[in-house]
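K.L.:
In my numbering, the protein residues as written are -3 to 151.
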């Protein structure tokens, strides 16, 4: 009986550690890796969805998330990998870091104007759909990898 109970407790703990959480940026500007800058509190993990609609999150280390909605600013030297979907509704990505749209993931720019600021690299390995303005300030880089698809259309 003890073995079964311990196994059930271990499964419950493991399952909660793997659960996806939607984390919304509440910092005006600040460090991505400070849990109090997110609601609910906690640094986003690889299975989490993040929403940044205002302010600027500074990422100076590598991180992975399942999805991101960006309407504010992503800043810094770190690499952010998005494994499922990136919806860019406005704002900017800046700093010398990179944003990676992983194979099988999607990136959509449907509303608002977005800016890829000098020094930032955006790499698409998935399917990127751009139907709104995208400003790229040299020497920023938009790279569509051999395994990526880039669809540009007008509204």
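Every residue gets a Cβ at the ideal spot worked out from N, C-alpha and C, and that includes glycine.
Spatial neighbours of residue 98 within its chain, please: C-beta separation below 7 Å, excluding the five flanking residues on both sides.
P.N.:
Excluding positions up to five away in sequence, the list reads 77, 78, 79, 121, 122.
K.L.:
If we count the other Cβ atoms within 10 Å of its Cβ and call it buried at 16 or more, is residue 44 buried or exposed?
P.N.:
With 16 or more other Cβ atoms within 10 Å, it is buried.
K.L.:
At the level of alpha carbons, what is the spacing between residue 3 and residue 127?
P.N.:
Low confidence applies here, because residue 3 scores a pLDDT of 40, under 50, leaving its location unreliable and the question unanswered by this model.
K.L.:
Take the Cβ of residue 24 as the centre, count every other Cβ of all protein chains shown within 10 Å, and call the residue buried at 16 or more, exposed below.
P.N.:
Residue 24 comes out exposed.
K.L.:
What's the call for residue 21, buried or exposed, on a 16-neighbour Cβ count within 10 Å?
P.N.:
Classification for residue 21: buried.
K.L.:
Going along the chain, which residues of its own chain have a beta-carbon closer than 7 Å to the beta-carbon of residue 73, five neighbours each way excluded?
P.N.:
56, 91, 92, 93.
K.L.:
In the DSSP assignment, find the beta strand (DSSP E) that holds residue 42 and state where it starts and stops.
P.N.:
Run containing residue 42: none; DSSP gives neither H nor E here.
K.L.:
Please say whether residue 31 and residue 49 have beta carbons closer to each other than 8 Å?
P.N.:
For residue 49 and residue 31, no; Cβs fall outside 8 Å.
K.L.:
Per DSSP, which one or two residues make a beta bridge with residue 27?
P.N.:
Looking at the DSSP assignment, residue 27 forms a beta bridge with 54.
K.L.:
Can you check DSSP and say which residues form a bridge with residue 65?
P.N.:
BP columns for residue 65 point to 47, 83.
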